[in-house]
Amino acid sequence: METFLFTSESVNEGHPDKLCDQISDAVLDACLEQDPDSKVACETCTKTNMVMVFGEITTKAKVDYEKIVRDTCRAIGFVSDDVGLDADKCKVLVNIEQQSPDIAQGVMALHQRPEEIGAGDGPYVWKNGTCPWLRPDGKTQVTVEYYNDNGAMVPEHVIKPVIPEKYLDEKTIFHLNPSGRFVIGGPHGDAGLTGRKIIIDTYGGWGAHGGGAFSGKDPTKVDRSGAYIVRQAAKSIVANGLARRCIVQVSYAIGVPEPLSVFVDTYGTGKIPDKEILKIVKENFDFRPGMITINLDLKRGGNSRFLKTAAYGHFGRDDPDFTWEVVKPLKWEKPQA
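So, in structure tokens, the structure goes:
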């Protein structure tokens, strides 16, 4: 049986880029909680002793952006310069403007009904004290061995030892932090920016990615809502037994409600032809941005909903707020044997 290894990485919530993702989504949560119709495109950047939030936000919500920044940094564990950033002493810059009128009219145009909306381009604690000496910033890499079963990539096991025991002896050389001392992390070690960990946010390099980041964007931005609905569609196809592996793609033009295209590929694992599966997908999923927002309840704020997505991935998690993970029953007739 032929197998192969595939490696993906993840970073902790204290990685500078992930810190920025979480701040941007914390701002989104705050806006949606007060005004579900908020239009948010919030970016964050950080470097030594400084955090800046900037972008375009149109909302009726009264939001204290500086407080959100400090609360989020503090909750992640940035409580002193020693760990990379001091939430209470760092400089916070805010440069938020309203959404461009060109984009606003393209998204809303003359339409108010959800089906006609066009595409628009609180403290919490993660760590459980298992390793109290760990600081907020960190990175993890996992390798999985797969075998190809007629197009379906089946995981065999996670590779635990990097080097098999039989290859280890007294002459073996270990490289631990080979570049030397490595304890300076967070924004003190590296600059951070929203949207630079999009592969970690999704499928670790295994699945395709449209290229647009998710964090800090309200549901009219199909970078986010479009990725959520195709996730639900692909997951539902596999869960309903239509295929063992599947990818779904959807594309849009700004200001146009209907998608330009919907594409399905089951990599040869489909129980029926892909064109038939595509027909089932189109019958069961509404890819218009306004309807995605309703069907996945994406305007609902509270419970740090989108903040939770901004670290450790948007997909594959068991959380009732992740409505795109809910499998939708699909009706189809299995071919006669």
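According to my numbering, the stretch in the sequence shown is residues 2 to 338, in order.
Positions of the beta carbon are idealized from the N, C-alpha and C atoms, including for glycine.
Nearest by alpha-carbon distance to residue 263: which of 204, 214, 205, 248 is it? Stepping through the sequence shown from its first residue, residue 263 is reached at position 262. A check of alpha carbon separations from residue 263 across 204, 214, 205, 248 identifies 248 as the nearest.
field: Where the beta strand (DSSP E) containing residue 307 begins and where it ends
entry: As a first step, residue 307 must be located in the sequence shown, where it is residue number 306. It is not in any beta strand (DSSP E) - residue 307 instead sits in the alpha helix (DSSP H) that spans 306–310.
- Message: Tell me the rounded alpha-carbon separation between residue 388 and residue 3.
- Response: No answer is possible for residue 388: the residues shown for the chain start at 2 and end at 338.
- Item | Cβ-based neighbour list, residue 359, same chain, cut-off 7 Å, excluding 5 preceding and 5 following | In the structure as shown, the chain starts at 2 and stops at 338, and residue 359 therefore has no counterpart that could be examined.
Exercise for the section: Provide the residue span of the alpha helix (DSSP H) that contains residue 268, from first to last. Expected result: Residue numbering aside, residue 268 sits at position 267 when the sequence shown is read from its first letter. Counting along the chain, residue 268 falls outside any alpha helix (DSSP H), and DSSP gives it neither H nor E.
Let's see if you can read the secondary structure: which residues bound the alpha helix (DSSP H) around residue 231? Position 230 of the sequence shown, counted from the first residue, corresponds to residue 231. From DSSP, the alpha helix (DSSP H) with residue 231 extends over 223–240.
Measuring only the C-alpha atoms, how far is residue 301 from residue 252? Working through the sequence shown from its first residue, we reach residue 301 at position 300. Working through the sequence shown from its first residue, we reach residue 252 at position 251. Their backbone Cα atoms lie some 25 Å apart in a straight line.
Starting from residue 25 and walking both ways along the alpha helix (DSSP H), at which residues does that stretch end?
The residue you call residue 25 lines up with position 24 of the sequence shown. Residue 25 -> alpha helix (DSSP H) spans 17–35.
Practice prompt. May I have the straight-line CA-CA distance separating residue 149 from residue 61, to the nearest angstrom?
Written response: On the sequence shown, position 148 is the one that residue 149 refers to. On the sequence shown, position 60 is the one that residue 61 refers to. Roughly 52 Å separates the two Cα atoms.
Q: Leaving out five residues on either side along the sequence, give the residues of the same chain with a beta carbon under 7 Å from the beta carbon of residue 285.
A: Taking the first residue of the sequence shown as position 1, residue 285 is located at position 284. Apart from sequence neighbours up to five positions away, the residues of its chain that approach residue 285 with a beta-carbon distance below 7 Å are 329, 331, ordered along the chain.
Quick check on residue 67: buried or exposed, where buried means 16 or more other Cβ atoms within 10 Å of its Cβ? Locating residue 67 in the sequence shown gives position 66, counting from the first residue. Within a 10 Å sphere around the beta-carbon of residue 67 sit fewer than 16 other beta-carbons, which makes this residue exposed.
message: Just list the residues that DSSP pairs residue 140 with in beta bridges.
response: In the sequence shown, counting from the first residue as 1, residue 140 sits at position 139. Bridge partners of residue 140: 12.
**Message:** Quick check on residue 74: does DSSP put it in helix, strand or coil?
**Reply:** In the sequence shown, counting from the first residue as 1, residue 74 sits at position 73. Helix at residue 74.
*If you run the structure through DSSP and keep just helix, strand and coil, what is residue 300?*
On the sequence shown, position 299 is the one that residue 300 refers to. Correct three-state label for residue 300: coil.
**OP:** Output the distance between the C-alpha atoms of residue 21 and residue 240, rounded to the nearest integer angstrom.
**Re:** In the sequence shown, residue 21 corresponds to position 20, counting from 1. In the sequence shown, residue 240 corresponds to position 239, counting from 1. Using only the alpha carbons, I get a separation of about 34 Å.
Counting only the same chain and skipping the five closest in sequence on each side, list residues whose C-beta sits under 6 Å from that of residue 298. The residue labelled residue 298 in the question sits at position 297 within the sequence shown. Taken in chain order, the residues that qualify are 324.
Which whole-angstrom value describes the C-beta separation of residue 322 and residue 304, a residue pair presumed to lie in contact below a C-beta threshold of 8 Å? The residue given as residue 322 occupies position 321 in the sequence shown. The residue given as residue 304 occupies position 303 in the sequence shown. Right, the Cβ-Cβ distance comes to about 6 Å (below 8 Å), so this counts as a contact.
Considering only C-alpha positions, which residue in the set 97, 95, 53, 49 is nearest to residue 85? Here residue 85 is taken as the residue at index 84 of the sequence shown, counted from 1. When only C-alpha atoms are compared, the closest one is 49.
**Prompt:** Apart from the five residues just before and just after residue 426, which ones in its own chain have a Cβ nearer than 6 Å to its Cβ?
**Reply:** What is shown of the chain runs 2 to 338, which leaves residue 426 out entirely.
Strand pairing of residue 218, partner residues [DSSP]: Residue numbering aside, residue 218 sits at position 217 when the sequence shown is read from its first letter. Bridge partners of residue 218: 42.
Which two residues bound the contiguous alpha helix (DSSP H) that contains residue 285?
-> Reading the sequence shown from its first residue, position 284 is the one you call residue 285. DSSP places residue 285 inside the alpha helix (DSSP H), whose first and last residues are 275–285.
task: Report the option in 14, 45, 33, 27 whose CA atom is closest to the CA atom of residue 95.
output: To locate residue 95, count along the sequence shown from 1; it is residue 94. Selected option, being the one with the closest Cα: 45.
Problem - C-alpha distance - residue 89 paired with residue 291, whole-angstrom precision - result: For the purposes of this step, residue 89 is taken as the residue at position 88 of the sequence shown. For the purposes of this step, residue 291 is taken as the residue at position 290 of the sequence shown. Residue 89 and residue 291: Cα-Cα distance of roughly 39 Å.
Where residue 67 sits in the DSSP three-state scheme = The count along the sequence shown starts at 1 and reaches residue 67 at position 66. Helix at residue 67.
Residues near residue 99 in its chain [Cβ-Cβ closer than 6 Å; skip 5 each side]
Counting from one through the sequence shown, the residue named residue 99 turns up at place 98. Excluding residues within five positions, the ones whose Cβ falls inside 6 Å are 59.
message = Measuring alpha carbon to alpha carbon, tell me which residue in 39, 8, 313 is nearest residue 156.
response = On the sequence shown, residue 156 is found 155 positions in, with the first residue counted as 1. Taking only the C-alpha atoms, the option nearest residue 156 is 8.
inquiry  = On the DSSP bridge list, what partners appear for residue 252?
reply    = As a first step, residue 252 must be located in the sequence shown, where it is residue number 251. Looking at the DSSP assignment, residue 252 forms a beta bridge with 262.
Run the CB neighbour count on residue 52, radius 10 Å, all protein chains shown included, and call it buried at 16 or more, exposed below. By one-based count along the sequence shown, residue 52 stands at place 51. Taking all protein chains in view, the Cβ of residue 52 is crowded by 16 or more other Cβ atoms within 10 Å, so the residue is classified as buried.
For residue 290, three-class secondary structure by DSSP:
The residue labelled residue 290 in the question sits at position 289 within the sequence shown. Residue 290 falls in the helix class under three-state DSSP.
Q. Is residue 185 buried or exposed, if buried means 16 or more other CB atoms sit within 10 Å of its CB?
A. The residue given as residue 185 occupies position 184 in the sequence shown. Exposed, since its Cβ has fewer than 16 Cβ neighbours within 10 Å.
Taking residue 141 as the reference, which of 220, 333, 327, 312 has the closest Cα?
Locating residue 141 in the sequence shown gives position 140, where the first residue counts as 1. The option with the nearest alpha carbon to residue 141 is 312.
Rounded C-alpha distance that separates residue 33 from residue 23 | The count along the sequence shown starts at 1 and reaches residue 33 at position 32. The count along the sequence shown starts at 1 and reaches residue 23 at position 22. Straight-line Cα distance between these residues: approximately 15 Å.
Q.
Quick check: residue 42 and residue 57, are their CB atoms within less than 8 Å of each other?
A. For the purposes of this step, residue 42 is taken as residue 41 along the sequence shown, with counting starting at 1. For the purposes of this step, residue 57 is taken as residue 56 along the sequence shown, with counting starting at 1. Yes. Within cutoff.
Check: Under three-state DSSP, which class holds residue 6?
Finding: Sequence index remark: in the sequence shown, residue 6 carries index 5 (1-based). Residue 6: strand per DSSP, three-state reduction.
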